[in-house]
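I have placed the structure first, in the form of structure tokens, so that the comments after it can refer back to it.
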Amino acid sequence: KRIREEGGYEVYALKGFELLSDLVKLLDKTYEITEEDFNKQIKEFPQAIQDYQARIYLWDGIMDARDNSKDETAYLKRLYRYFDTFKVIRLMNYLAENAYPKREVAIMAADLADAMGLTYEEKTEESLLESYRRFDRIGEK
-15 KRIREEGGYE VYALKGFELL SDLVKLLDKT YEITEEDFNK QIKEFPQAIQ DYQARIYLWD
45 GIMDARDNSK DETAYLKRLY RYFDTFKVIR LMNYLAENAY PKREVAIMAA DLADAMGLTY
105 EEKTEESLLE SYRRFDRIGE K
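Position one of the sequence shown corresponds to residue -15 (the numbering used here), numbered consecutively onward.
Now the structure itself:
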């Protein structure tokens, strides 16, 4: 509705979701990680991720989860109670404001289609929509 009424709609950049995925993969491996190794791995992320994790005291959240869990399953459950949906949304907003600005939904839809390897005939929204529908219907790229 908003797109039709206002002529556009901005969404988070695909890069933000890729970085979130990479951060979650790192968090999944933190049960026995040392602070030194964690810091080394965080330094491989762009500065915006490094800054955000420091802002939310992510290492402190990791240590709290570790200190209050009997095993890795309980640890991950507690860690993701700390790194919850609210913090994820704040992360995405932080990335949009500081590193990877929001862009028009049509541009991001094309970027996602390209990343997924979807084929579409023209660089039009209709062609892109048909490509997504084909993928959703039959899994055809």
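Cβ coordinates follow ideal geometry from the N, Cα and C atoms, glycine included.
Open item on the list: Measuring alpha carbon to alpha carbon, tell me which residue in Leu3, Ala97, Glu109 is nearest Tyr36.
Closed with: Leu3
TODO: Whole angstroms is fine: what's the gap from Glu110's alpha carbon to Glu56's?
DONE: 47 Å
Open item on the list: Taking the alpha-carbon of Leu113 as reference, which of Met100, Gly123, Ala94 has the nearest alpha-carbon?
Closed with: Ala94
TODO: Let me know the secondary structure DSSP gives Glu81 once reduced to three states.
DONE: helix
- [ ] With Glu20 as the anchor, note down where its alpha helix (DSSP H) starts and where it stops.
- [x] 19 to 26
Open item on the list: Using a Cβ-Cβ cutoff of less than 6 Å, which residues in the same chain neighbour Tyr84 once the five nearest sequence positions on both sides are dropped?
Closed with: Ala(-3), Lys(-1), Gly0
Task: Local Cβ density within 10 Å of Ala(-13), reported as buried at 16 or more and exposed below that - done: A small correction: the amino acid at residue -13 is Ile; Ala does not occupy that position in the sequence shown. So Ile(-13) ends up on the exposed side.
- [ ] Determine, using beta carbons only, whether Tyr59 and Arg65 come nearer to each other than 7 Å.
- [x] no
Open item on the list: For the structure I just gave you, are there three or more beta carbon pairs, one from the stretch 22 to 33 and one from the stretch 74 to 84, closer than 8 Å?
Closed with: yes
TODO: Can you tell me which of the three DSSP states Glu56 falls into?
DONE: helix
Task: Rounded straight-line distance, which links the Cα of Lys54 to that of Met92 - done: 42 Å
TODO: Consult DSSP for Glu16 and reduce its assignment to one of helix, strand or coil.
DONE: coil
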